[in-house]
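Student: Before I ask anything, let me first share the structure, which is written out below as structure tokens.
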Amino acid sequence: MLGPPRRICVDLCREISGRHSGFTLMELLVALGIFAISVGLIADLFLTASRQQARTIVLSRVQGDARLIMETIAREFREGTLDFRSGIPADVLALQTGDGEPLQLRRVLQGDLARPCPSGVAACMYIGRGSSVDTLAWAPLTSAEVDVDAFQFWRTPTLDPNVWDAGNNRYQSNEQPRVTVRLQLSAVGRPGERSIIEAQTTVVSRTYRR
-4 MLGPPRRICV DLCREISGRH SGFTLMELLV ALGIFAISVG LIADLFLTAS
46 RQQARTIVLS RVQGDARLIM ETIAREFREG TLDFRSGIPA DVLALQTGDG
96 EPLQLRRVLQ GDLARPCPSG VAACMYIGRG SSVDTLAWAP LTSAEVDVDA
146 FQFWRTPTLD PNVWDAGNNR YQSNEQPRVT VRLQLSAVGR PGERSIIEAQ
196 TTVVSRTYRR
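Numbering (the numbering used here), first residue to last: -4 to 205.
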């Protein structure tokens, strides 16, 4: 005969508890597998977020340098004009400020002792200011981890529109000075974190000295 219901329940619970007093090997392996997968997913998400944050920081640095260079050229050229003096290297953007003083921008390669680039940077950008071309004080325009891959510019006109040509009884040019600048910057670092920025602008001088 069956005993009292309460007695039956107690005996059954004890039997079940006895059979499940610990984890089996299979249950332990499954738990460890789930834990390992969870840790792997969390680590992967963390690494992905870290890489994305690093790329964002690098991109922000490159964009900031490109903006600084372009804004400097635009500001100085609008208030000044082109420097038409001879003897200026073709790879140097030579301007005259609104006060008539020389200002030059140039892409400098690694190894230039007078205008050194940071370690690991193949080329950087420098700006030179001063009262004369021979006494320019040079300062870097790019950060320590930014490469200047390209710096090109096109100047018009080729002759100074403010100089009178007595032989032809006219000015050398009637075209307002303008310059088009193309710039390409990239970040120094691992290929996966390398960011490239290209920018181009055309600026017209507002200076009229006739």
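Where is the CB? At the ideal position from N, CA and C, for every residue including glycine.
Small disclaimer: the values here were computed from a predicted structure and weren't measured.
Please give me, in chain order, every unbroken run of the alpha helix (DSSP H) with length at least 4 that falls completely inside the stretch 73 to 125.
Tutor: none
Student: Assuming contact is defined by CB atoms lying nearer than 8 Å, are residue 74 and residue 201 in contact in what I supplied?
Tutor: Along the sequence shown, one-based indexing puts residue 74 at 79. Along the sequence shown, one-based indexing puts residue 201 at 206. Result yes, Cβ atoms of residue 74 and residue 201 sit closer than 8 Å.
Student: With contact counted as at least three CB pairs below 8 Å, one residue from each stretch, are the stretch 102 to 116 and the stretch 23 to 36 in contact?
Tutor: With fewer than three CB-CB distances shorter than 8 Å, the stretch 102 to 116 does not count as touching the stretch 23 to 36.
Student: Which partner residues of residue 197 appear in the DSSP bridge assignment?
Tutor: The sequence position of residue 197 within the sequence shown is 202, counting from 1. DSSP, once it has assigned bridges, lists 175 as partnering residue 197.
Student: Please report the distance separating the alpha-carbon of residue 96 from that of residue 180.
Tutor: Your numbering for residue 96 matches position 101 in the sequence shown. Your numbering for residue 180 matches position 185 in the sequence shown. Straight-line Cα distance between these residues: approximately 28 Å.
Student: Please report the distance separating the alpha-carbon of residue 173 from that of residue 198.
Tutor: Against the sequence shown, residue 173 aligns to sequence position 178. Against the sequence shown, residue 198 aligns to sequence position 203. Roughly 6 Å between the two C-alpha positions.
Student: Where residue 99 and residue 158 are concerned, what is the direct C-alpha to C-alpha distance, given to the nearest angstrom?
Tutor: As a first step, residue 99 must be located in the sequence shown, where it is residue number 104. As a first step, residue 158 must be located in the sequence shown, where it is residue number 163. Taking the straight line joining both Cα atoms gives about 21 Å.
Student: Among 154, 140, 161, 160, which residue has its Cα nearest to the Cα of residue 59?
Tutor: Here residue 59 refers to the residue found at position 64 when the sequence shown is read from its first residue. When only C-alpha atoms are compared, the closest one is 140.
Student: As a quick exercise: from 128, 123, 166, 142, pick the residue whose alpha carbon is nearest that of residue 212.
Tutor: This structure does not reach residue 212, given that the chain is present from -4 up to 205, and the question cannot be answered.
Student: Give the DSSP bridge partners of residue 180, in chain order.
Tutor: Numbered from its first residue, the sequence shown carries residue 180 at position 185. As DSSP reads the structure, residue 180 sits in a beta bridge with 143, 192.
Student: With DSSP run on the structure shown, which of helix, strand or coil describes residue 50?
Tutor: Position 55 of the sequence shown, counted from the start, is the residue given in the question as residue 50. Looking at residue 50 - three-state DSSP - the assignment turns out to be helix.
Student: Exposed or buried, which one is residue 130 when buried takes at least 16 other CB atoms within 10 Å?
Tutor: In the sequence shown, the residue the question calls residue 130 occupies position 135. Per the 10 Å Cβ criterion, exposed.
Student: Do you know whose CA, among 166, 19, 192, 151, lies nearest residue 89's CA?
Tutor: The residue given as residue 89 occupies position 94 in the sequence shown. Cα-wise, what sits closest to residue 89 is 151.
Student: Of all the options 160, 64, 162, which has the alpha carbon lying nearest to the alpha carbon of residue 145?
Tutor: Sequence index remark: in the sequence shown, residue 145 carries index 150 (1-based). When each option's Cα is compared against that of residue 145, the closest is 64.
Student: Helix, strand or coil: how does DSSP classify residue 61 here?
Tutor: Stepping through the sequence shown from its first residue, residue 61 is reached at position 66. Here residue 61 sits in helix by DSSP.
Student: Output needed for residue 194: all residues of its chain with C-beta closer than 6 Å, excluding positions within five of it in sequence on either side, in chain order.
Tutor: In the sequence shown, the residue the question calls residue 194 occupies position 199. Contacts found: 61, 65, 178.
Student: Report the three-state DSSP secondary structure of residue 130 (helix, strand or coil).
Tutor: Taking the sequence shown and counting its residues from 1, the one referred to as residue 130 is at position 135. Three-state result, residue 130: helix.
Student: Note down, in chain order, each residue of its chain lying with its Cβ closer than 6 Å to the Cβ of residue 138, except the 5 sequence neighbours on either side.
Tutor: Stepping through the sequence shown from its first residue, residue 138 is reached at position 143. Counting only Cβ-Cβ distances below 6 Å, and skipping sequence neighbours, we find 56, 60.
Student: Looking only at its chain, what residues have a beta carbon closer than 7 Å to the beta carbon of residue 29, apart from the 5 residues adjacent to it on each side?
Tutor: One-based indexing of the sequence shown puts residue 29 at position 34. Here the set comprises nothing.
Student: Out of 121, 117, 50, 168, state which residue places its alpha-carbon closest to the alpha-carbon of residue 190.
Tutor: Residue numbering aside, residue 190 sits at position 195 when the sequence shown is read from its first letter. It is 50.
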